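Here is the structure we will look at.
Numbering (the numbering used here), first residue to last: 236 to 620.
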């Protein structure tokens, strides 16, 4: 427990301090008539190295991590890949590193550096968000999730960068990156229709439309039995998305897979954060009038929260497609926190900070008091000691 508290808090603080330093240094340079600092500033490089160092030595943290670890070690010892339905891009990278004899820490370091570099690069023109990003990643649910769901986390971080391509109408580059993402996770075929989300015209009353959409999805998601009717009529689409072996769980003869979850902090806090984002979005937009990606990030945030609440009372298999947009929500949370800090709105800032920084401590506390150690995957484990 002490190790987990020290690693999560210390890493968040160190990366936030580096983000704050590079942001302030860039502001001083630009105030004197200079250009913005390059992406490979020493503070950003140091933050990436800290993230990779902490992630590479993390060990046996969740079921999916254990699965990837087992496949990698099996490939090295037996020369055979024990799972055939992994995507070709992911399989190629895993196979090449295993056959080259790289330690598994370097294998996970590779995925960690891809995650954080993609996300930091997406914010290269928004360095004021980097301190908040570091705090949200390590004190919120993101880091723990990323360390478990390796393939999905990479494409989530990639999608934030791809939003810029949508805004700039770079469809063919977007399509190319989508194909790369599909080679990592088949679920990324959904990136193609997501290209249209920021392009759809909507009336000016965006704030109330967003509240309404989230509210309707929240109500519908509270009674998920209607989803079975849809699954009874699906088949080929689920197979294309790589969910064929999952979707059959939700057919009408498997009624136990439609159930109601408790409205706990893990669901309530992101929902309340999103409502704050929607409420303050017009003012945030005024603070960043030149940011062309901000409206698209906001729209994906609303769609993400609506989707997650629509399927909140089913299983993780149904919420995963919506999680492709999770990192857009993460970036909008950083915009919100920065705005509230700059405007000295202390009460909503305290609420937003609590909603987004409580998670790790809450999970550590559950792991400490749980006699069955159900939550130990949330703790920080390392193979070094």
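C-beta atoms are modelled at their ideal positions from N, C-alpha and C, and glycine is treated no differently. All values reported here derive from a predicted model rather than from experimental measurement.
Sixteen is the threshold: since fewer than 16 other Cβ atoms of the shown chains lie within 10 Å of the Cβ of residue 273, the residue is exposed.
Within the segment 378-434, the complete alpha helix (DSSP H) runs of at least 4 residues fall at 385-402, 406-417 and 426-429.
Cβ-Cβ separation between residue 393 and residue 410: approximately 13 Å, too far for a contact (criterion under 8 Å). When DSSP states are grouped into helix, strand and coil, residue 549 belongs to the coil group. Under DSSP, no beta-bridge partner is assigned to residue 352. Beta bridge pairing from DSSP links residue 293 with 617. Residue 447 has its alpha-carbon roughly 30 Å from the corresponding atom of residue 378. Taking all protein chains in view, the Cβ of residue 270 is surrounded by fewer than 16 other Cβ atoms within 10 Å, so the residue is classified as exposed.
DSSP places residue 559 in no alpha helix (DSSP H); its state is neither H nor E.
The Cβ atoms of residue 546 and residue 554 lie closer than 8 Å to each other. For residue 593, no alpha helix (DSSP H) segment is defined, and its DSSP state is neither H nor E. Closest in C-alpha terms to residue 276, from the list 263, 258 and 266, comes 258. Ranking 307, 312, 313 and 311 by CA distance to the CA of residue 321 puts 307 first. Of 255, 241, 513 and 511, the smallest CA-CA separation from residue 281 is found for 255.
Comparing alpha carbon positions, the residue from 422, 531 and 312 closest to residue 334 is 312. With a cut-off of 8 Å on Cβ pairs, the segment 354-361 is in contact with the segment 384-400, counting three or more such pairs. Around the beta carbon of residue 573, 16 or more other beta carbons sit within 10 angstroms, so the residue counts as buried. With contacts defined by Cβ atoms closer than 8 Å, residue 246 and residue 616 do not form a contacting pair. Of 268, 350 and 371, the smallest CA-CA separation from residue 248 is found for 371. Counting along the chain, the unbroken alpha helix (DSSP H) around residue 311 starts and ends at 298-313.
For residue 325, the secondary structure class from DSSP, reduced to helix, strand or coil, is helix.
Two segments are said to touch when three or more pairs of C-beta atoms, one from each, lie closer than 8 Å; by this definition the segment 282-293 touches the segment 336-350.
Taken through DSSP and simplified to helix, strand or coil, residue 544 comes out as helix.
By the Cβ test, the segment 524-532 is in contact with the segment 558-572, since at least three Cβ pairs between them sit closer than 8 Å. Contact annotation, residue 559 with residue 390: C-beta distance approximately 7 Å; criterion of less than 8 Å satisfied. Between residue 366 and residue 251, the beta carbon gap of about 4 Å places them in contact (Cβ cut-off 8 Å). Counting along the chain, residue 276 sits inside no alpha helix (DSSP H), nor does DSSP assign it H or E at all.
With 16 or more other CB atoms across the displayed protein chains lying within 10 angstroms of its CB, residue 562 is buried. When rounded, the separation of the alpha-carbon atoms in residue 278 and residue 253 is 5 Å. Between residue 417 and residue 352, the gap from beta carbon to beta carbon reaches 8 Å or more.
Inter-residue distance for residue 517 and residue 579 is about 17 Å (C-alpha atoms, whole angstroms). For the set 373, 598 and 415, the Cα lying nearest the Cα of residue 426 is the one of 415. The beta-carbon separation of residue 504 and residue 540, rounded to 12 Å, does not stay under the 8 Å limit for a contact.
Taking a 10 Å sphere around the C-beta of residue 449, we find 16 or more other C-beta atoms and assign the residue as buried. For residue 578, there is no enclosing alpha helix (DSSP H), as DSSP marks it with neither H nor E.
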